[in-house]
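Asks: Protein chains in written order, with the numbering used here: chain A, 1 to 350; chain B, 1 to 350.
Built from N, CA and C at the ideal position, the CB exists for glycine as well.
Number of protein chains: 2
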Amino acid sequence: MVVRRRDVAELAGVSPAVVSYVLNGGPRGVAPETKERVLAAVQQLNYRPNGIARSLRINRTMTLGLVIPDASNPFFAELARALEEAAFAAGYTVLVGNATDNEERQTAYVRTFLQRQVDGVLLVPAHGPVACLPELQASKKPWVVLDRRVDLDDVAQVLVDNRGGAAEGTRHLLAHGRRRIACVAGPRDVMPSQDRTAGCRAALAEAGVRLPASLVRHVPFGRRAGYLAAMDLFGATRRRPDALFVASDEQAVGALRAFAELGVACPDDVAVVSFDGIADAAYSFPPLTTMTQPFGRLGQEGVGHLLARMADQAAEPEVSVLPVSLAVRETCGCENPPAHTSADANGQER
Amino acid sequence: MVVRRRDVAELAGVSPAVVSYVLNGGPRGVAPETKERVLAAVQQLNYRPNGIARSLRINRTMTLGLVIPDASNPFFAELARALEEAAFAAGYTVLVGNATDNEERQTAYVRTFLQRQVDGVLLVPAHGPVACLPELQASKKPWVVLDRRVDLDDVAQVLVDNRGGAAEGTRHLLAHGRRRIACVAGPRDVMPSQDRTAGCRAALAEAGVRLPASLVRHVPFGRRAGYLAAMDLFGATRRRPDALFVASDEQAVGALRAFAELGVACPDDVAVVSFDGIADAAYSFPPLTTMTQPFGRLGQEGVGHLLARMADQAAEPEVSVLPVSLAVRETCGCENPPAHTSADANGQER
DNA sequence: TTGTATGCGTTATCAT
DNA sequence: ATGATAACGCATACAA
């Protein structure tokens, strides 16, 4: 039924090794004429080498394992896409695991990936303590942490400047003359969330503006959480904030929905700046002014770091902190927001 | 460096086979006391069986290959998530390939998946002719086609009732008294697109309403294409349509953006019904009334069909056509659209 | 109840 | 330039 290498060798009248040599283009040369015969036999039998056997032999699978916290979060979906792109370009295929924000499932995926002998692991840690770290270290396989910084030495990481970006976004709000600024923050137990809140606070402090605890909401990422937080912040009869910094585009989309239902005008009544730069941010109502992450570079550097460590086990694990850039659209209240089409060309949609 | 089974056996003072027996719980029993020793040795050496070697031996990888047309399309992203979920529940891990709407890349992924000995392939065909079909058939591995019907017998498929759903959506528009109905359709060369257009046409014909060619636009899926199509349909000075059926939520989001820029009021000036039911549809402005696909069931039946064929090679390939359901929100102009929160509970967001 | 031995399909080393 | 052969790490049939 299944055709093996020896069948090809037999048909071509050569030894099995020769078949490999012609198929792999090495490590040894083979006479042009024999090569022809082998190729013909391969064709005739429709021979496909067994990748598993090959992997067992050469001790490489050309496979990368990717674990993301939550596939239904568009940010992680885009990050995953960028990583897959970079992996494909480098000849690798990726095994993906969706942790669904579940610590145990995250660990389960890391474990099966290791068991399946992936050549490297790309980990975007779920919130809370990351239980699978020791397991990864013990594995002696290269691995890289993305997006959510982990406080460990000797681990390669690809992060963005969450603090600086949040500060820049907040300063943009301040530049618009807004002073009563609220904040929809992410969960307390994830790094980017903490850093973004800190950046927001820093920019505010620097301008001498207070951020009372009553104006910040630590809520999960997700549209619904953003919606509820905004409902809570703006629904009451008390004096409304005139600006809102949101830790993620997804939450911001929820907040915009709340504004629509509450009759709060954006950007007139409240200016909004958020964070991430997912594709959808250019199509919300109004289009979101947001601190945009360099998805392409995140993907490239992520697999780049992995490949570097695979090539040289002793290489210093690199940690990159990439810049984010302000994409001005309409929620901040800028005079002449770029036309929609140019916002699109801004790398938002492929 | 790496610890093998024989190392464990040696430490435990047993033969390698015994190690397998205790780890795999069979096929042979082992004395409780020896079992203890083996487990202790496994623990002490931190032994992890090599999945590749295991797969080579048992001829199964517990891996499924998934090829999607375009990972940046939220619909496929959600479908992929649902499939991963079902696969995980069944103990399988998924290798994902993003074809980026590229025929060659799709084939390349199918090929490497087969080479890597996946236990089955989940294929969501890219548009145009599907070149990898013969290869899949020749492979003798089970495979399932999702979402985009393929005109072949003996292939398992999981589809939705595109035609019926589109007809229902269009009838809903008609029920609102709209008569000048336009259509943003998908690409001509993909099945769901054709079927949805046909359903829309059928409902219109049934009501005696004409659909002039000037009111239909065949454009790619994607927000930007939807935006441009709506700009085109509604930007001119001629009499505007009073309703719009859109082949996908993504395109509809783009159309809503166009309406916002053109000052066209939705649903007052134009009522909209679209198709897919992606999470974001509940958060657009206004929230989209859309024909919602049963993502969970699509995932379950997709891997279900695969497992069925794996269990019994001779089993008839099943083809399921799942129903879609109208999720009434605000773009259609219904009197009492359900409150936002309940739309959420409608299975839109996890 | 346990040890021995063979094979899975490949690659790579060693002879020829 | 080519043929034989030994691993790779594991699972299991068979012998003990």
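Provide the residue span of the alpha helix (DSSP H) that contains B:C200, from first to last.
Replies: Here residue 200 of chain B is taken as the residue at index 200 of the second sequence, counted from 1. Run containing B:C200: M191 to E206, per the alpha helix (DSSP H) assignment.
Asks: Where do the ends of the beta strand (DSSP E) carrying A:H218 lie?
Replies: By one-based count along the first sequence, residue 218 of chain A stands at place 218. Per DSSP, A:H218 belongs to the beta strand (DSSP E) from V216 to H218.
Asks: Quick check: is the beta carbon of A:N46 nearer than 8 Å to any beta carbon in chain B?
Replies: As a working mapping, residue 46 of chain A is identified with position 46 in the first sequence. Yes - at least one Cβ of chain B is within 8 Å of the one on A:N46.
Asks: Which residues does DSSP list as the beta-bridge partners of B:G97?
Replies: Reading the second sequence from its first residue, position 97 is the one you call residue 97 of chain B. In DSSP, B:G97 forms a bridge with B:V67.
Asks: List the residues of chain B whose Cβ lies closer than 8 Å to the Cβ of A:F285, in chain order.
Replies: Numbered from 1 along the first sequence, position 285 holds the residue referred to as residue 285 of chain A. Ordered by position in chain B, the residues that pass the 8 Å Cβ test against A:F285 are L256, R257, A260, S284 and F285.
Asks: Thinking just about the alpha-carbon of each residue, which of B:E330, B:T107 and B:A80 is nearest to the one in B:H172?
Replies: For the purposes of this step, residue 172 of chain B is taken as the residue at position 172 of the second sequence. The residue with the shortest Cα to Cα distance from B:H172 is B:E330.
Asks: For B:E206, does the count of other Cβ atoms within 10 angstroms reach 16, so buried, or fall short, so exposed?
Replies: Taking the first residue of the second sequence as 1, we reach residue 206 of chain B at position 206. Classification of B:E206: exposed, given that the 10 Å Cβ count is below 16.
Asks: Within 8 Å (strictly less), CB to CB, does B:I52 reach chain A?
Replies: Against the second sequence, residue 52 of chain B aligns to sequence position 52. Judged by the 8 Å Cβ criterion, B:I52 is in contact with chain A.
Asks: Do we get a CB-CB distance below 8 Å when we pair A:N98 with the residues of chain B?
Replies: Within the first sequence, residue 98 of chain A is the residue found at index 98, counting from 1. Yes, A:N98 counts as interfacial toward chain B.
Asks: When DSSP builds the beta bridges, which residues end up paired with B:L244?
Replies: The sequence position of residue 244 of chain B within the second sequence is 244, counting from 1. DSSP lists B:A182 and B:V272 as partners of B:L244.
Asks: Give me the chain B residues within the contact set of A:E84, using Cβ-Cβ distance strictly less than 9 Å, ordered along the chain.
Replies: Taking the first residue of the first sequence as position 1, residue 84 of chain A is located at position 84. A71, V96, G97 and N98, listed in chain order.
Asks: By how many angstroms is the C-alpha of B:G277 removed from the C-alpha of A:G296?
Replies: To locate residue 296 of chain A, count along the first sequence from 1; it is residue 296. To locate residue 277 of chain B, count along the second sequence from 1; it is residue 277. Using only the alpha carbons, I get a separation of about 28 Å.
Asks: What residue from B:A271, B:T34 and B:N102 has the CA that sits closest to B:V130's CA?
Replies: Translated into the one-based positions of the second sequence, residue 130 of chain B becomes position 130. It is B:N102.
Asks: Quick one: what's B:A156 bridged to in DSSP?
Replies: Stepping through the second sequence from its first residue, residue 156 of chain B is reached at position 156. DSSP lists B:V144 as partners of B:A156.
Asks: Taking A:N162 as the reference, give the member of A:T197, A:L11, A:A182 and A:V155 with the closest Cα.
Replies: For the purposes of this step, residue 162 of chain A is identified with residue 162 of the first sequence, where counting begins at 1. For A:N162, the nearest C-alpha among the options comes from A:T197.
Asks: Answer with buried or exposed for B:K140, where buried requires no fewer than 16 other C-beta atoms within 10 angstroms of its C-beta.
Replies: As a first step, residue 140 of chain B must be located in the second sequence, where it is residue number 140. With fewer than 16 other Cβ atoms within 10 Å, it is exposed.
Asks: Identify, in the order they occur along the chain, each residue of the same chain with its Cβ nearer than 6 Å to the Cβ of B:G97, setting aside the five sequence neighbours on each side.
Replies: As a first step, residue 97 of chain B is located in the second sequence; it is residue number 97 there, counting from the start. V67 and Y109, listed in sequence order.
Asks: Please list the residues of the stretch 104 to 138 of chain B that have a C-beta atom closer than 9 Å to any C-beta atom in chain A, keeping them in chain order.
Replies: Correct list: R105, A108, Y109, R111, T112, F113, L114, Q115, R116, Q117 and A138.
Asks: Say whether chain A places a C-beta atom closer than 8 Å to the C-beta of B:V253.
Replies: Here residue 253 of chain B refers to the residue found at position 253 of the second sequence. Output row for B:V253: interface = yes.
Asks: Could you tell me which whole alpha helix (DSSP H) segments of length 4 or greater appear in the stretch 8 to 49 of chain B?
Replies: If we require 4 residues or more, the alpha helix (DSSP H) runs fully inside the stretch 8 to 49 of chain B come out as 16 to 24 and 32 to 45.
Asks: Does the Cβ of B:D232 have 16 or more other Cβ atoms within 10 Å, making it buried, or fewer, making it exposed?
Replies: The residue you call residue 232 of chain B lines up with position 232 of the second sequence. Exposed, since its Cβ has fewer than 16 Cβ neighbours within 10 Å.
Asks: Any beta carbon of chain A sitting closer than 8 Å to that of B:L64?
Replies: One-based indexing of the second sequence puts residue 64 of chain B at position 64. No, because no Cβ of chain A sits closer than 8 Å to the Cβ of B:L64.
Asks: For chain B, find out if any of its Cβ atoms is closer than 8 Å to the Cβ of A:A77; answer yes or no.
Replies: The sequence position of residue 77 of chain A within the first sequence is 77, counting from 1. Yes, A:A77 counts as interfacial toward chain B.
Asks: Do A:A229 and A:A202 have their CB atoms nearer than 8 Å?
Replies: Working through the first sequence from its first residue, we reach residue 229 of chain A at position 229. Working through the first sequence from its first residue, we reach residue 202 of chain A at position 202. Not in contact: A:A229 and A:A202 (Cβ atoms no closer than 8 Å).
Asks: Which ranges would you report for the beta strand (DSSP E) in the stretch 262 to 336 of chain B if only whole runs of at least 3 residues count?
Replies: Listed in chain order, they are 271 to 276, 289 to 292, 319 to 322 and 325 to 327.
Asks: For B:V121, which three-state DSSP category applies?
Replies: Stepping through the second sequence from its first residue, residue 121 of chain B is reached at position 121. Strand, per DSSP.
Asks: Closest to A:F113 by C-alpha separation, out of A:L326, A:V216 and A:M62, would be which residue?
Replies: Indexing the first sequence from 1 puts residue 113 of chain A at position 113. When each option's Cα is compared against that of A:F113, the closest is A:M62.
Asks: Since A:D280 meets chain B, which of its residues come closer than 7 Å, beta carbon to beta carbon?
Replies: Translated into the one-based positions of the first sequence, residue 280 of chain A becomes position 280. The contacting residues are D280.
Asks: Does DSSP classify B:H172 as helix, strand or coil?
Replies: Reading the second sequence from its first residue, position 172 is the one you call residue 172 of chain B. The answer is helix: DSSP assigns B:H172 an H, G or I state.
Asks: Could you give the distance in angstroms between the alpha-carbon of B:L64 and the alpha-carbon of B:V145?
Replies: Counting from 1 along the second sequence, the entry for residue 64 of chain B is found at position 64. Counting from 1 along the second sequence, the entry for residue 145 of chain B is found at position 145. Spanning the two alpha carbons is a distance of roughly 13 Å.
Asks: Under 8 Å between the Cβ atoms of A:Y283 and B:V253?
Replies: If you number the first sequence from 1, residue 283 of chain A lands on position 283. If you number the second sequence from 1, residue 253 of chain B lands on position 253. Cβ atoms of A:Y283 and B:V253: closer than 8 Å.
Asks: Would you tell me roughly how many angstroms separate the C-alpha atoms of B:V270 and A:P287, rounded to the nearest one?
Replies: Start at 1 with the first residue of the second sequence, and residue 270 of chain B comes out as number 270. Start at 1 with the first residue of the first sequence, and residue 287 of chain A comes out as number 287. Looking at the two C-alpha atoms, the distance is approximately 21 Å.
Asks: In or out: B:D195 buried (at least 16 other Cβ within 10 Å) or exposed?
Replies: The count along the second sequence starts at 1 and reaches residue 195 of chain B at position 195. By the neighbour-count rule (16 or more Cβ atoms within 10 Å), B:D195 is buried.
Asks: Are the Cβ atoms of B:C186 and B:G165 separated by less than 8 Å?
Replies: As a working mapping, residue 186 of chain B is identified with position 186 in the second sequence. As a working mapping, residue 165 of chain B is identified with position 165 in the second sequence. The sequence given here has Gly at residue 186 of chain B, not Cys. No; because the gap between Cβ atoms is not below 8 Å, this pair is not in contact.
Asks: Across the stretch 297 to 310 of chain A and the stretch 76 to 89 of chain A, are there enough close Cβ pairs to call them in contact, namely three or more that are closer than 8 Å?
Replies: These segments touch.
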